[in-house]
Amino acid sequence: MRAGGGTVVVAAPRGADTSYCIEYAKSGRSSCTECSKATANKSLRLGVGYEYKGSPSYKWQHWTCVTDGTIAKIGSPDKLKGLDALQRKDQELVRQRFGGVGKAPRKTGVHTHFG
Ligand SMILES: [Zn+2]
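Residues 387 to 501 in the working numbering are what the sequence shown lists, from first letter to last.
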């Protein structure tokens with residue numbers, strides 16, 4: 387099932403397009419750019435693309451360390467390479483995170499009395 391979207395063709399001027407990916411850490415050797423601690427093997431982490439001496443590379447951070455600002459910059463979970471490869475519960479987790487940014491929490495139903 388594919389919901390919404392459509393293909394986004396990015397015409398990138400001056401390499402301004404940052405690429406993002408999400409995956410389970412393949413080793414415990416990278417460290418998180420937010421908290422400086424290692425991203426433990428198999429922990430969920432976000433990769434932010436950048437250029438290192440002319441070649442594309444990623445900076446990693448724990449999914450739990452990703453700030454709302456970063457989420458807003460990414461804009462949509464569809465921008466995350468590798469999302470489809472995650473376990474379903476983690477995909478949901480990620481999508482929920484995007485759903486919660488830039489929107490006021492919606493109240494479903496009004497409680498007029500308390501238990
Ligand atoms: Zn971290």
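Positions of the beta carbon are idealized from the N, C-alpha and C atoms, including for glycine.
Practice problem: Decide yes or no for the touch test of the region 411-425 against the region 459-476: beta carbon pairs closer than 8 Å, at least 3 of them. | Solution: The region 411-425 is not in contact with the region 459-476.
Quiz prompt | Counted within 10 angstroms of its Cβ, other Cβ atoms place H471 as buried (16 or more) or exposed | solution = On the sequence shown, position 85 is the one that residue 471 refers to. What sits at residue 471 in the sequence shown is Ala, not His. Under this definition A471 is an exposed residue.
Quiz item: Using the beta-carbon count (16 or more within 10 Å), is R431 buried or exposed?
Solution: Start at 1 with the first residue of the sequence shown, and residue 431 comes out as number 45. Buried is the call here.
Self-check item: Bridge partner(s) assigned by DSSP for G433
Solution: In the sequence shown, residue 433 corresponds to position 47, counting from 1. Answer is C407 and W446, bridged to G433.
Quiz item: Considering only residues of the same chain and omitting the five flanking positions on each side of C407, which have a CB-CB separation below 8 Å?
Solution: Stepping through the sequence shown from its first residue, residue 407 is reached at position 21. The answer, listed in chain order, is L432, G433, G435, Y444, L466, K467 and G468.
Quiz prompt | K423 beta carbon near ligand 1 (any heavy atom closer than 7 Å) | solution = Reading the sequence shown from its first residue, position 37 is the one you call residue 423. Result yes, Cβ under 7 Å from ligand 1.
Practice problem: Give every residue of the same chain whose Cβ lies closer than 8 Å to the Cβ of S429, excluding the five residues on either side of it in the sequence, and list them in chain order. | Solution: If you number the sequence shown from 1, residue 429 lands on position 43. Hits under 8 Å: Y410, A411, H448 and W449.
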